[in-house]
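Trainee:
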Amino acid sequence: MHYPEEKLLLRLEEVFSTSLGYVNSFVLWPLLSAETKLASPEHRLEGTSASVLVLLPQGSLDDLEPQARECLGLLHQLHQSSQRLWEVTEESLRSLRERLHPSSSSSLESLLLLHGADRILQVYMEYIESYTSCMVAPAFLKTAEGKSELRPRLWKMLQELQLLKQLRDYVQLLLSLEDSIRECHPARELVRRAVTIFENLQLFLGQALDQAKATQDLWSSLSSPLRDVLFRAAHCLLHDSQDSPVKVTPLRAKRVLLFDDALVLLQGHSVHTFDLRLVWVDPGKDGCTVHLLMPEKELCIRARDPEDRMVWQWKVIQAVCQALRGKKDFPVLGVGPEPPECPACRTATYTFLAPGRLSQATYEGEWCRARPHGRGTLKWPDGRNHVGGFHQGLEHGFGICLVPQASKDKFDCYKCHWQGGSMCGYGICEYSTDEVYKGYFQAGLRHGFGVLDSSKQAPRPFRYTGHWEKDQRSGYGVEEDKDRGERYIGLWQAGQRHGPGLVVTQAGDCYQGTFRRGRTVGPGVLLTKDDTMYEGTFSRDLTLLGKGKVTFPCGFILEGSFSSKPRKGLYTQGVLDRAALALDMSSVSKRQLGLGAFPVDSRWQGVYGPFRDFVRAGCPKALEEALLGFHGQSSRELQGSQKYLFSERKHPKDDALEELLQPREPKALQEYLKRALSDPSHPLGKLLRTLMLTFQATYAGIGASKHLQGLAQEEVKQHARELWAAYRGLLRVALQRKGQDLEEEEDAETRTLWVHGLMLPLVLPSFYSELFTLYLLLHEREDSLYSQGLTSLSLVPDAQLLEYLDVQKQLRPPKDLKLTTNQRLSLVKDKCFWSATECLQKIMTTVDPREKLEMLERTYREIEATVAGMLGQDHRLPMDELLPLLIYVVSRARIQHLGAEIHLLRDMMHPSPTGGLQDFLLTVLESCYKHIQKEDVRLCRLPHHWDPRERRTEPVGNREGQRKSVKLPLAKTVNQKRAASEDGGISAACRGLNDRDSSPGARLDLRERVGPEDLGDHRLGQGAACSQPRARLVVLPELTACGC
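Below, the structure is given as structure tokens:
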């Protein structure tokens, strides 16, 4: 079925197509050819009326005069858009003819005006844009003398096209067609949509023609200089203050021109132009004012009445939206269902002109309300470059800044966190001098904890790890002077050593004293590698100068005045005391320096402080890197500035704090803390790695001195306490986010149990390498004697050694048996405590103090199990039987550096309030260690018989070699037992503790307790006062009465 409106549409399209074809072939094409010949006679234009191709050599348009080049460009654009409009009109005409053909079966939906309305809309808008661009171009409107006269004819023909009438006819016929077809017709929706499109296009064309006409009038009213300054292609006037007067403050502009891409203020001969992409509109406080925000300006436009103010506000918003989209609004702004609204955040480029820090700098990036806000790039003419985050116009968040230096191709690179336009928080700076700083900043200066590394090629290479204040070293810090081979550990002020400090040299010498402005002052202590000790005053380079006292390793003491001369050595005047009382040289060789000079809880506050700030702030993700450091800090990860900045960096999981709420039982909590501490992106893992860095900087390499062992071990314990406090802080934040409160604050005793029982074993492996090295150096002499004793005992057969240790005969392997290899292996395993030996050897496979003590207890159980197997019944070993068996097991386990292991274990073990079996076994192990060091053992002077119940005395007139012994009376009280142990050693103590009723077979009850007042001054295995009640057996570690 055909509708009458279709025939009317056919007629309308035929007339319009004919008019368009005539304009293209007989006006536009000749005009384009004529303009080309006049502009450049040697260039030729080739083409046809249907498809035009302008063939100009590359770069020829650049050779033309600006006006000629502008005219050719506009003509070419107009011709192309007109040609496309003619082509789409012809296509629409064909679809109508095919539809109206008698034999055609095509439906109404096949009409291009219906199913191709969007395509027709696009072609019409391109034509309107090119047509209005020609209308507003001053160079196109002006016909120079001797040039083509086709331009006036072109305007006449284009006006005769009556494009606005064409669109109006489209709308009327389509509306009539919509009324003619049924409601249920499938083409009804297409017709209705086409009506809407052409109605909007009609409004768009009317607005474009009005703006073009207003722009034409503006160019004719302006002087030539102003017109040349303001004109740009496709530059249309939207509103003029001459039509709607306003007052502008503070510039007091004479005339305000609103274009579709810029706001222009004319002030005398001055022209102020503002890019609309960087204009924000704020309604004024009263009904007549509009506030405009620009990067460096804030204008106030005041209209005569609220109606004019609304017009200006609506026009400015329309222009800003069009400028941001890069095209005119369609449908016309205000026609659609959504009210006009300018986006507050946008992306643009702007060069700052006002004097100040950003003068002549160009910012490209994200904006919000006339200020850089978000990510962007800021470049200065002198080569400075900042890439990163911005907040309200200032650098904020992570950013990378390059600052060129005077030398060629040299610059400082700051990869830092910023706040308020200056560096604040954690950052990494690579200086042009090849120095690298990793640490914290405040107000653009190094402040807080940081590490500064010099260039490897520097005349005096160094590394400083410590605290800073206002860009200078201040507070506790460690400097390693690689050129002089020494390390300073101590306090700083204003970039110089100031206060108590330690100097450790590569030669092994250690000095403790006071510094003032980088120089030593007052008395000090110098310990040399050979354990010579000097106490007195020094010169600046730590040469003996003034009054002092030298204690030599042999015990001699030299006291007097010291001086030195270049190339003449050391001079002294004093008294050498060779008859001084024998000095306990262990008090010199094991003397600990720095204890008390640097309180452990105040050494690394620059590391703990940012973590506490992070917790107090509620653990926000935005501050995590600024306060805790980057997730990746290697040079390779940070090498690509822009790549690292704009890539998705790895952040901790969002449920990291929620995981804190899950493990509440000790076992589950231990597993969680183990994962957290090993995760470099977890807050606890970050804190631990920073503490590891400080520990290595202090005690590794040159700092590996036995005199610093005390500092190191108390520092490890402090780190464990701080990490436990950090965990508690994170837990408190996690509970607060759930609306819960942390349980009652733990008391000191509970905190100590958690720290030593849970956190310290997890933390210790991270510091074990450096810490154990210090213990090795401190106990090097004893371990050397112990190693010699092991070598001697390894030469003694099992049976003979067990006999020498006076092990019961039924617990020894038989002698002189000819056995096969397998039989011998089984015998050694069953009779020679092989399982206990293997168990004790495993003490070296772990660094956890708990696991080491468990291995020791398991060894004791294996010894008891082996004895029970030999005797065929359960048998609890008394002390006088356990000690020789454990000595045998230790000698066969051949554990290296057992002394260092025992002392480290003793210092790091859980401070159990009851002592218990593990503490008792550790004391016995220490006794075994001291026994193996004895001279008789080291020199293989082993007697044929040894009775641990007897105190060895000097032999008195016994020709058979029998020794007389003085029997000790049975100690009935604890004080008598202590006196017996002091007089006769551990064997006598064993006799007093085990033979309580003078009855054979009496056994030690490990559950019986004795307080520190009963133990006197004896600490378990160390000779110090005991702070907690312990098992009754632990008295002295020496084996002075074992008869060896």
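Residue numbers (the working numbering): 6 to 1049.
We treat Cβ as the ideally placed atom computed from N, Cα and C, and that holds for glycine.
None of the values given here were measured: they were computed from a predicted structure.
Can you say whether glycine 292 is buried or exposed, counting buried as having 16 or more other CB atoms within 10 angstroms of its CB?
Mentor: Under this definition glycine 292 is an exposed residue.
Trainee: Taking the beta carbon of glutamate 435 as the centre, do at least 16 other beta carbons fall within 10 Å, making it buried, or is it exposed?
Mentor: Glutamate 435 is buried by the Cβ-count criterion.
Trainee: Sort out for me which residues DSSP pairs valine 251 with in a bridge.
Mentor: DSSP, once it has assigned bridges, lists Ala308 as partnering valine 251.
Trainee: Pick helix, strand or coil for lysine 443, following the three-state DSSP scheme.
Mentor: In this structure, lysine 443 counts as strand in the three-state DSSP scheme.
Trainee: If distances are taken between C-alpha atoms only, which option among Arg451, Lys461, Gly426, Gly430 comes closest to aspartate 439?
Mentor: The option with the nearest alpha carbon to aspartate 439 is Lys461.
Trainee: What residue does the beta strand (DSSP E) around glycine 26 start on, and which one ends it?
Mentor: Run containing glycine 26: none in the beta strand (DSSP E); it sits in the alpha helix (DSSP H), 9-28.
Trainee: Just the Cα atoms here: how many angstroms apart are phenylalanine 893 and isoleucine 868?
Mentor: Note that residue 893 corresponds to tyrosine in the displayed sequence, not to phenylalanine. Rounded to the nearest angstrom, the two C-alpha atoms are 11 Å apart.
Trainee: Bridge partners for valine 295 per DSSP, in chain order?
Mentor: DSSP lists Pro288, Ile306 as partners of valine 295.
Trainee: Is the beta carbon of proline 377 sitting closer than 9 Å to the one on glycine 388?
Mentor: No; because the gap between Cβ atoms is not below 9 Å, this pair is not in contact.
Trainee: Identify whether valine 852 lies in helix, strand or coil by the three-state DSSP scheme.
Mentor: Valine 852 falls in the coil class under three-state DSSP.
Trainee: When burial is assigned at 16 or more other CB atoms within 10 Å of the CB, is aspartate 752 buried or exposed?
Mentor: Exposed, because fewer than 16 other Cβ atoms sit within 10 Å of the Cβ of aspartate 752.
Trainee: Tell me the DSSP bridge mates of isoleucine 353?
Mentor: It should be pointed out that residue 353 corresponds to alanine in this sequence rather than to isoleucine. Answer is Gly370, bridged to alanine 353.
Trainee: Buried or exposed: where does glutamate 727 fall if 16 or more other Cβ atoms within 10 Å of its Cβ makes it buried?
Mentor: The residue in question, glutamate 727, is buried, as its Cβ has 16 or more Cβ neighbours within 10 Å.
Trainee: Note the first and the last residue of the continuous beta strand (DSSP E) segment covering cysteine 418.
Mentor: Here the beta strand (DSSP E) through cysteine 418 covers 416-424.
Trainee: Have a look at leucine 909 and proline 854 and give me their C-alpha separation to the nearest angstrom.
Mentor: The alpha-carbon atoms of leucine 909 and proline 854 are separated by roughly 9 Å.
Trainee: Check whether the Cβ atoms of arginine 451 and glutamine 424 sit closer than 9 Å, and answer yes or no.
Mentor: Not a contact, by the Cβ cut-off of 9 Å.
Trainee: Using 10 angstroms around the beta-carbon of histidine 391, count the other beta-carbons present and answer buried if the total reaches 16, otherwise exposed.
Mentor: Buried.
Trainee: Identify which residue in Ala199, Glu785, Pro688 has its Cα closest to the Cα of valine 738.
Mentor: If we check each option's Cα against that of valine 738, Pro688 comes out closest.
Trainee: Could you tell me which residues DSSP pairs with phenylalanine 603 in its beta bridges?
Mentor: Looking at the DSSP assignment, phenylalanine 603 forms no beta bridge with any residue, so it has no partner.
Trainee: From this set, Glu886, Tyr539, Ala499, which residue's C-alpha is nearest glutamine 517's C-alpha?
Mentor: Selected option, being the one with the closest Cα: Tyr539.
Trainee: Residues in its own chain within less than 7 Å of glycine 455 by CB, not counting five upstream and five downstream?
Mentor: Contacts found: Tyr442, Lys443, Gly444, Tyr445, Trp473.
Trainee: Quick check: what's the CA-CA separation for valine 593 versus alanine 898?
Mentor: Taking the straight line from one Cα to the other gives about 32 Å.
Trainee: Alpha carbon to alpha carbon, what distance is there between threonine 703 and arginine 694?
Mentor: If you take the alpha carbons of arginine 694 and threonine 703, they lie about 14 Å apart.
Trainee: Looking at the structure shown, is valine 872 part of a helix, part of a strand, or coil, going by DSSP?
Mentor: Here valine 872 sits in helix by DSSP.
Trainee: Buried or exposed, going by whether 16 or more other CB atoms sit within 10 Å of the CB of glycine 490?
Mentor: Answer is exposed; the Cβ neighbour count stays below 16.
Trainee: Residue range of the beta strand (DSSP E) that proline 528 falls in?
Mentor: Residues 524-532.
Trainee: So alanine 267 is in the beta strand (DSSP E); what residue range does that whole segment cover?
Mentor: It spans 267-272 - the beta strand (DSSP E) in which alanine 267 sits, taken as one unbroken run.
Trainee: Should serine 86 be labelled buried (16 or more other beta-carbon atoms within 10 Å of its own) or exposed?
Mentor: It is buried - the Cβ of serine 86 has at least 16 other Cβ atoms within 10 Å.
Trainee: Please identify the residue among Gln597, Phe777, Gly634, Lys626 whose C-alpha is closest to the C-alpha of valine 612.
Mentor: Of the candidates Gln597, Phe777, Gly634, Lys626, the one whose C-alpha sits nearest the C-alpha of valine 612 is Gly634.
Trainee: Expressed to the nearest angstrom, what Euclidean distance is found between the alpha-carbon atoms of glutamine 177 and leucine 118?
Mentor: Each residue's alpha carbon lies about 13 Å from the other.
Trainee: Where threonine 352 and leucine 281 are concerned, what is the direct C-alpha to C-alpha distance, given to the nearest angstrom?
Mentor: Taking the straight line from one Cα to the other gives about 12 Å.
Trainee: Just the C-alpha distance for lysine 935 and arginine 621, rounded to the nearest angstrom, thanks.
Mentor: For lysine 935 and arginine 621, the distance between alpha carbons rounds to 51 Å.
Trainee: In whole angstroms, what is the alpha-carbon distance linking valine 20 and phenylalanine 31?
Mentor: Roughly 16 Å between the two C-alpha positions.
Trainee: In terms of alpha-carbon separation, which member of Leu169, Arg198, Lys170, His396 lies closest to glutamate 183?
Mentor: Here the closest residue by C-alpha is Arg198.
Trainee: Is it buried or exposed, arginine 492, if we count other Cβ atoms within 10 angstroms and call 16 or more buried?
Mentor: Under this definition arginine 492 is a buried residue.
Trainee: Give the secondary structure of cysteine 844 by DSSP, where H, G and I count as helix, E and B as strand, and everything else as coil.
Mentor: If DSSP states are grouped into helix, strand and coil, cysteine 844 belongs with the helices.
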